[in-house]
Structures are given as structure tokens and as C-alpha cells.
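Asker:
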Amino acid sequence: MKDYSEKRDFHRMQVESEIEITDSKGNTFSGTCKDLSATGMQMLVRNPVMVGEELTTVLHPSSDQFPPLETICEVIRCEPEGEGFLLGTNISEVTR
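First residue of the sequence shown: 720, per the numbering used here; consecutive thereafter.
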């Protein structure tokens with residue numbers, strides 16, 4: 720039997736990469752992608768984002784061997800973290 724921390728359907732991959740984010744109003748800002756799974760990602764940003772907000776993201780790889788990962792995701796959690804905010808998101812579509 721899996722212990723509680725392993726009950727996810729998809730494992731999280733720890734990432735520390737810059738991510739470009741565009742909100743539903745067309746405002747673009749950057750953040751740091753902290754982790755990524757098949758169904759979601761966690762990002763650190765400077766300003767709070769409303770739960771339910773739809774974001775378009777572009778995660779640039781650390782090498783030129785892979786194309787950027789582009790997604791549409793929904794914010795399900797926004798919590799203060801240090802001098803910024805930690806967003807939990809569900810990925811609704813991978814566009815590239």
C-alpha cells in the first residue's frame with residue numbers, strides 16, 4: 720500500500736526554471752516553476768493571482784534539445800511564500 724505522500728496518480732518533477740505567464744486579461748509576467756507533473760504545476764510569482772484564473776504558460780527548457788512546454792492551466796491555490804506567492808495549478812491543455 721502506498722503511503723499518503725505517494726497517493727498521487729502522477730509523480731512530481733522538481734524544477735527550478737523561469738516560466739512566462741499570461742493571464743486572461745493579456746498581462747504577461749514571469750515566475751519560477753517549482754514543480755511539474757502530468758496534470759499540474761507549482762509556480763512562484765511576485766503578485767497574487769485569483770483562484771479560478773486561467774493562465775497561459777511557456778516553460779523554457781534548460782537546454783536547446785527540447786522545445787518549450789506551453790500550457791493552459793487554472794489556478795487552484797495561491798498562498799503567500801516569502802516575498803511572493805506560490806500558485807498551485809491544474810493543467811487543462813498542453814498546447815505545445
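Yeah, the Cβ is synthetic: ideal placement off N, Cα and C, and Gly gets one too. The structure displayed is predicted, hence computed values, not measured ones.
Can you give me the Cβ contacts of T747 inside the same chain, cut-off strictly under 6 Å, excluding the 5 residues immediately before and after it?
Answerer: Around T747: T741.
Asker: Any idea what DSSP makes of I738, helix, strand or coil?
Answerer: Residue state, collapsed to three classes: strand.
Asker: Quick check on DSSP: helix, strand or coil for N809?
Answerer: Three-state DSSP puts N809 in a strand.
Asker: Take R815 as the anchor and find which of N766, H779 and E737 has the nearest alpha-carbon.
Answerer: Ranking the options by Cα distance to R815, first place goes to H779.
Asker: What three-state label does DSSP hand R796 in the structure shown?
Answerer: R796 falls in the strand class under three-state DSSP.
Asker: DSSP has G750 in a bridge; who is on the other side?
Answerer: Its beta-bridge partners are I738.
Asker: Go to T775, then tell me how far its beta strand (DSSP E) extends in each direction, as first and last residue.
Answerer: That run of the beta strand (DSSP E) goes E773 to L778.
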